[in-house]
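Each number in the working numbering corresponds to the 1-based position in the sequence shown with 613 added.
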Amino acid sequence: MYVGSLRLRIRLHGCRSLKEKRRPRQMLRDRIRNRFKVAVAEVADQDSWDFLSLGVAAVGPDRLPIDQLLRNVASAIEDAGVGELIDEELIVQRP
């Protein structure tokens, strides 16, 4: 069994308050959960209106499919157009 984790930091475009941040955060979270069937949560920057930090987790029997899945998640978030992906950390390991 392998566990993969992906941490992404995104600089949001057009948000000027925490209330405006809610929409892109929920849209990304729901889209990634539904499309890729992974766990997604906001893991940092909760008090920052211009940055969004998401954590994504996946579990599977083989390393390569988990790695590719999380890379596809990062690409989908970048292609969503809500902001600029400024940091990415991907780890796949045995527990």
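We put the beta carbon where it would ideally sit given N, CA and C, even for glycine.
Measure the alpha-carbon distance for residue i versus residue j and round it to whole angstroms.
i    : j    : result
V616 : R629 : 36 Å
L677 : E633 : 37 Å
L665 : D658 : 6 Å
P637 : V705 : 27 Å
What are the boundary residues of the alpha helix (DSSP H) that includes residue i?
i    : result
A687 : 676–692
Q639 : 631–649
How far does the beta strand (DSSP E) with residue i in it reach, from first residue to last?
i    : result
V695 : Careful: V695 lies outside any beta strand (DSSP E) and carries neither H nor E.
S666 : 664–673
Which one or two residues does DSSP pair with residue i in a beta bridge?
i    : result
D700 : R622
G617 : A671, V705
V653 : V669
Any idea if residue i is buried or exposed, counting beta-carbon neighbours within 10 angstroms, 16 or more meaning buried?
i    : result
V672 : exposed
L631 : exposed
I690 : buried
Within 8 Å of any Cβ in chain B, is that where the Cβ of residue i sits?
i    : result
V669 : Chain labels in this structure do not include chain B; a single protein chain is all it has.
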